[in-house]
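Enquirer: In numbering that gives the first Met the number 0, the protein residues as written are 0 to 350.
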Amino acid sequence: MAFNWEEQETISTLEQLVKIPSPSGYTMQVMDYVTDFFDQVSIPYITTNKGGVIATIKGRDDKRHRLLTAHVDTLGAMVKEIKPSGRLKLSLVGGFKFNAIEGENCLIHTADGETITGTILLHQTTVHVYRDSGTAERSADNMEVRLDLKCSSAEDVRKKGIEVGDFVSFDPRFIKTESGFIKSRHLDDKASTALLLQLAKQAANGETLPQTTHFYISNNEEIGYGGNSNIPLETEEYIAVDMGAIGDGQQSDEYTVSICAKDSSGPYHYGLTRQLIALAKERNIDYKVDIYPYYGSDASAAIGAGADVKHALFGPGIEASHAYERTHIYSLKATAALLHAYINSPLGSSH
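Next comes the structure, spelled out in structure tokens:
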């Protein structure tokens with residue numbers, strides 16, 4: 000199967016994905032998008048009890064399998080308390096800080112299916128009133144949602160259908176610049192999901208793959224247990240396709256594919272990681288190798304749960320992870336190229 004980079008289709012898929020609210024625990028709509036996609040390209044799949052989807056393309060060798068996974072669940076929040084003022088106190092879903100969502104527009108998803116808009120603000124935002132507006136801690140006690148409703152009490156809010164336990168999603172603010180940058184919330188990990196969906200579509204319409212290959216779209220990664228079960232017993236290699244972490248001391252950037260050698264869970268499988276590096280060199284794919292110090296993936300979760308697989312991790316470099324993120328089409332293309340090279344390579348060449 001020749002590598003075919005469908006840039007516009009990939010970016011369109013990514014934009015559609017990030018615009019579907021899907022904080023961990025509230026992923027029904029985005030998983031419907033995923034299953035509709037697999038239905039359209041005629042790839043068989045199963046849906047797990049946890050709500051994830053595993054699509055499968057049979058290869059020439061159906062005894063030894065490989066699996067690729069990306070996750071569509073995102074950071075988000077839930078309503079913790081309805082304040083007497085009519086504003087909402089939040090409980091965060093996923094590993095991020097309140098300062099990353101200060102000033103962000105959001106949606107409250109009520110139990111009856113309605114959505115109500117609001118903005119996440121520091122209680123002491125008004126500088127003409129609060130002397131500590133710049134120094135106050137951005138914490139659960141100080142941050143709140145200002146609803147776009149005429150309400151001044153908890154009773155008013157409840158009459159609109161909002162209650163404790165309702166999910167809150169953040170405005171992604173998707174932008175593609177003329178210079179090739181993509182700015183949006185939730186590029187972690189919807190960028191990789193878009194790449195996997197496009198790869199599966201091409202693989203289904205191309206030459207037969209050397210190995211049966213599973214595409215696992217998980218929906219609980221941000222809370223630690225997305226893809227660590229339902230792994231087919233024949234699976235020997237398990238690849239998490241997730242964001243590369245960028246920052247001081249890191250090699251990863253927004254223009255290359257980032258291959259992770261180690262994260263907070265420990266080293267990834269040495270032989271499989273070296274195989275990915277060798278494929279990148281062989282195909283002249285721009286890559287960086289890195290260690291992510293505060294990071295875990297569905298692959299490391301699978302290993303922690305006892306899966307007997309070789310595991311590895313790579314993906315596009317994402318700037319400002321768990322905030323207003325950014326990457327470049329060069330990084331997406333490099334990741335797509337390594338994915339293509341990997342699924343067309345022989346299984347078991349790693350040790």
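Ideal Cβ positions, reconstructed from N, Cα and C, are used throughout, including at glycine.
1) Would you mind reading off the limits of the beta strand (DSSP E) that contains Thr-212?
2) Can you tell which of Thr-118, Gly-58, Asp-61 and Ser-21 has the C-alpha that lies nearest to the C-alpha of Thr-73?
3) Using 8 Å for Cβ pairs, my map puts Val-353 next to Ile-245. What's the rounded Cβ distance?
4) Should Ile-181 be labelled buried (16 or more other beta-carbon atoms within 10 Å of its own) or exposed?
5) Spatial neighbours of Ser-41 within its chain, please: C-beta separation below 8 Å, excluding the five flanking residues on both sides.
6) Apart from the five residues on each side of it in sequence, which residues of its chain come closer than 6 Å, Cβ to Cβ, to Ile-284?
7) Would you report the Cα separation of Val-240 and Glu-101, rounded to the nearest angstrom?
8) Where do the N-terminal and C-terminal ends of the beta strand (DSSP E) with His-362 fall, by residue?
9) Here's the rule: buried if 16 or more other CB atoms are within 10 angstroms of the residue's CB, otherwise exposed. What is Glu-6?
10) At which residues does the alpha helix (DSSP H) containing Phe-36 begin and terminate?
11) Taking the Cβ atom as the reference point for each residue, do Phe-169 and Glu-14 lie within a distance shorter than 7 Å?
12) Specify the secondary structure class of Asp-165 as computed by DSSP and reduced to three states.
13) Here's the rule: buried if 16 or more other CB atoms are within 10 angstroms of the residue's CB, otherwise exposed. What is Val-128?
14) So Arg-63 and Gln-210 are in contact, right, with Cβ under 8 Å, and what is the actual spacing, rounded?
15) Under 8 Å, with one C-beta from each stretch per pair, do the region 288-303 and the region 243-260 reach the 3-pair mark?
16) Quick check: what's the CA-CA separation for Thr-134 versus Thr-125?
17) Rounding to the nearest angstrom, what Cα-Cα distance links Ile-10 and Arg-325 in this structure?
18) Closer than 8 Å is the cut-off here; do at least three beta carbon pairs connect the region 147-157 with the region 28-40?
19) Less than 7 Å separating the beta-carbons of Glu-253 and Glu-318?
20) Would you mind sorting Lys-200 into buried or exposed? The rule is 16 or more other CB atoms within 10 Å of its CB.
21) Does DSSP classify Tyr-294 as helix, strand or coil?
22) Do Ile-238 and Leu-67 count as a contact pair if the criterion is CB distance below 7 Å?
23) Assuming Val-167 contacts Glu-80 (C-beta within less than 8 Å), just tell me the rounded distance between them.
24) If we count the other Cβ atoms within 10 Å of its Cβ and call it buried at 16 or more, is Leu-271 buried or exposed?
25) Buried or exposed: which applies to Glu-143, given that a residue is buried once 16 or more other Cβ atoms fall within 10 Å of its Cβ?
26) Among Lys-18, Ser-344, His-327 and Gly-24, which residue has its Cα nearest to the Cα of Ser-177?
27) Apply the 10 Å Cβ neighbour rule to Ser-90 and answer buried if 16 or more other Cβ atoms are within range, or exposed otherwise.
28) Straight-line CA distance for Val-256 to Ser-191?
29) My understanding is that Ser-84 touches Ile-222, with C-beta atoms under 8 Å, so please give their C-beta distance in whole angstroms.
30) Please classify Ile-45 as buried or exposed, where buried requires at least 16 neighbouring CB atoms within 10 angstroms.
31) Can you tell me which of His-339, Gly-226, Arg-157 and Asn-48 puts its alpha carbon nearest to the alpha carbon of Ala-306?
32) Is DSSP giving Asn-283 helix, strand or coil here?
33) With DSSP as the reference, label Glu-236 as helix, strand or coil.
34) Tell me which residue opens and which closes the alpha helix (DSSP H) that Ala-69 is part of.
35) Tell me whether Glu-236 is buried or exposed, calling it buried when 16 or more other Cβ atoms sit within 10 Å of its Cβ.
36) Measuring only the C-alpha atoms, how far is Glu-103 from Lys-158?
Expert: Answer, in terms of the structure:
1) Bounds of the beta strand (DSSP E) holding Thr-212 are 210-217.
2) Ser-21
3) Outside the modelled stretch of the chain, which goes from 0 to 350, sits residue 353, for which no answer is possible.
4) buried
5) Ala-203
6) Ala-333, Ala-336 and Leu-337
7) 29 Å
8) Only positions 0 to 350 of the chain appear in this structure, which leaves residue 362 out of reach.
9) With fewer than 16 other Cβ atoms within 10 Å, it is exposed.
10) 27-39
11) no
12) coil
13) exposed
14) 6 Å
15) yes
16) 13 Å
17) 13 Å
18) no
19) yes
20) Taking all protein chains in view, the Cβ of Lys-200 is crowded by 16 or more other Cβ atoms within 10 Å, so the residue is classified as buried.
21) coil
22) yes
23) With a Cβ gap of about 13 Å, Val-167 and Glu-80 do not count as contacting.
24) buried
25) Answer is buried; the Cβ neighbour count reaches 16.
26) Per the sequence shown, residue 177 should be read as Glu rather than Ser. Of the candidates Lys-18, Ser-344, His-327 and Gly-24, the one whose C-alpha sits nearest the C-alpha of Glu-177 is His-327.
27) exposed
28) 11 Å
29) Incorrect: roughly 30 Å between the Cβ atoms, too far for contact.
30) exposed
31) Gly-226
32) coil
33) strand
34) Looking at the DSSP string, Ala-69 is not in any alpha helix (DSSP H); the run it does join, the beta strand (DSSP E), is 60-70.
35) buried
36) 24 Å
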